[in-house]
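Numbering of the sequence shown is given in the numbering used here, commencing with residue 223 and proceeding in unit increments.
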Amino acid sequence: MNSSQKIRIGVVFGGRSGEHEVSLISAQSILKALDPEKYDVIPIGISKIGTWLVGIDPQKFLPDHTSSKKICQDSKTGLLGDPSHKGLVLLDQTHPMEKVKLDVVFPVVHGTNGEDGTLQGMLELADIPYVGCGVLASSVGMDKTSMKRVFRDAGLPVADFKEYLRKDWRGNSQKILGDVEAHFGYPCFVKPVNSGSSVGISKAHNRDELSKAFDLASKFDRKILVEAFVDGRELEVSVLGNDEPEASLPGEIVPCNEFYDYKAKYIDERSELHIPAKICDEKISEIKDLAVRAFKAIDGAGMARVDFFLETSTNRLILNEINTIPGFTGVSMYPKLWEASGLKYSELVDRLVQLAFERYSDKQESLQTVA
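Structure, rendered in structure tokens:
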């Protein structure tokens with residue numbers, strides 16, 4: 223810990239992802255929640271082209287504040303994989319190679335190049351504790367087909383799915399369209415395998431929509447996932463902890479659009495959030511148990527939001543996906559579900575930092591080398 227005895231925490235946000243803007247809003251909420259009496263906060267922004275900047279306000283990354291003149295006023299920085307540094311190195315001309323040590327990092331980079339294990343791998347090499355899931359859980363949680371295979375092998379209920387490659391779609395689209403129609407019928411969902419916040423996701427009702435859905439998804443990833451349509455209610459549960467995780471009360475999303483797409487999540491305010499969800503106590507217990515099992519199945523740590531469908535015709539819970547860096551805005555389901563469960567936003571942030579130190583301490587007990 224640094225000499226001031228405050229916890230020096232780096233909050234990393236932005237990034238080269240389709241969820242860049244969502245990350246900025248999440249980071250603003252977290253920065254406001256960190257107690258200045260307890261934390262020495264170091265904001266670390268990653269631009270859309272991958273430049274790291276220290277001390278930058280998330281607002282400066284919004285479209286109307288991204289002129290090169292304003293961005294250059296902040297210090298360029300980098301995170302080295304050398305554990306002797308345990309922090310940032312300033313790269314600007316005023317403070318060349320000056321070191322900024324960090325006690326812990328709170329990654330708030332949603333989507334690719336942040337939530338998928340890449341950033342977590344850098345932090346592992348740098349030997350810095352960090353909030354949230356490790357490399358394996360992050361990468362599995364981001365790759366939707368790998369995630370569903372892990373869930374299926376763990377005996378968790380998932381909808382039918384198939385994966386297709388972008389190169390195969392471009393090489394023989396008619397064969398793939400026919401295969402999807404024979405296997406799933408309509409409607410069905412088409413998604414980029416590695417993406418979040420419903421970026422690139424479509425619901426296809428016919429062949430023309432299916433073809434456009436594949437074209438869209440293929441812009442975001444080399445792998446494309448097709449899922450069977452589930453007619454049901456959309457429920458979400460927040461999970462908190464390391465080896466003994468706990469689940470929050472569930473919430474329900476009633477989307478304003480045909481499904482909870484990016485527009486319904488972040489632009490159109492007509493979607494409804496019911497917290498807690500209006501389901502019976504038996505279903506509440508069941509969904510909390512399934513959420514914890516899903517978290518453990520990928521070896522989760524710190525936090526995750528787990529999404530479900532409650533199928534209308536069968537009243538059966540079907541596990542949709544897990545999000546290892548869920549939205550952290552003031553209206554995001556992850557913190558709101560914990561608030562409904564009795565844990566305030568600021569207390570939740572404190573608990574996540576504690577869990578990061580606990581996980582790091584536990585890992586230090588493992589032998590790194592053999593004598």
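Ideal Cβ placement from N, Cα and C applies to all residues, glycine included.
This structure is a prediction, so every number in the text was calculated from the model and none was measured.
- F373 sits in a helix when the DSSP states are folded into three classes.
- For H307, there is no enclosing beta strand (DSSP E), as DSSP marks it with neither H nor E.
- A straight line joining the alpha-carbon of P258 with that of I252 spans about 12 Å.
- In the DSSP assignment, F579 falls within the unbroken alpha helix (DSSP H) covering Y567 to Q586.
- Partner residues in the beta bridge of D529, as assigned by DSSP, are E458 and E543.
- A check of alpha carbon separations from E474 across I506, S433, F383 and K445 identifies I506 as the nearest.
- In the DSSP annotation of this structure, T273 is not part of any alpha helix (DSSP H), being labelled neither H nor E.
- Taking 8 Å as the cut-off, the beta carbon of M369 is found no closer than this to the beta carbon of G303.
- Judged by their CB atoms, V326 and I268 are not nearer to each other than the 8 Å cut-off.
- When DSSP states are grouped into helix, strand and coil, H427 belongs to the coil group.
- If you look at D262, you'll find it isn't in any alpha helix (DSSP H); it sits in the beta strand (DSSP E) that goes Y261 to I268.
- Here S297 carries a strand assignment [DSSP, helix/strand/coil].
- Its chain contains L275, V276, G277, L312, D314 and H317 as the residues whose beta carbon lies nearer than 7 Å to that of S297, once the 5 sequence neighbours on both sides are disregarded; these appear in chain order.
- Taken through DSSP and simplified to helix, strand or coil, A381 comes out as coil.
- Beta-bridge partners assigned by DSSP to F328: V233.
- Measuring C-alpha to C-alpha distances from T334 to each of S420, K425, Q396 and R573 identifies S420 as the nearest.
- Here the alpha carbon of A469 sits roughly 42 Å from the alpha carbon of E320.
- The three-state secondary structure of K441, taken from DSSP, is coil.
- Burial is judged here by how many other beta carbons sit within 10 angstroms of a residue's own beta carbon; Q342 has at least 16 and is buried.
- In this structure, DSSP gives K500 a state outside helix and strand, which the three-state scheme calls coil.
- In this structure, the straight-line span from the alpha carbon of F517 to that of S360 is close to 11 Å.
- By the neighbour-count criterion, in which a residue is buried when 16 or more other Cβ atoms sit within 10 angstroms of its Cβ, H332 is buried.
- Take I446, set aside five residues on each side of it, and the residues of its chain with a beta-carbon closer than 8 Å to its own are E385, Y386, L387, R388, W391, V412, K413, P414, V415, F436, A439 and S440, in chain order.
- Annotated three-state conformation of A513 is helix, per DSSP.
- Per DSSP, P414 is one residue of the beta strand (DSSP E) stretching across C410 to P414.
- A buried status is given to G454, since no fewer than 16 other beta-carbon atoms sit within 10 Å of its beta-carbon.
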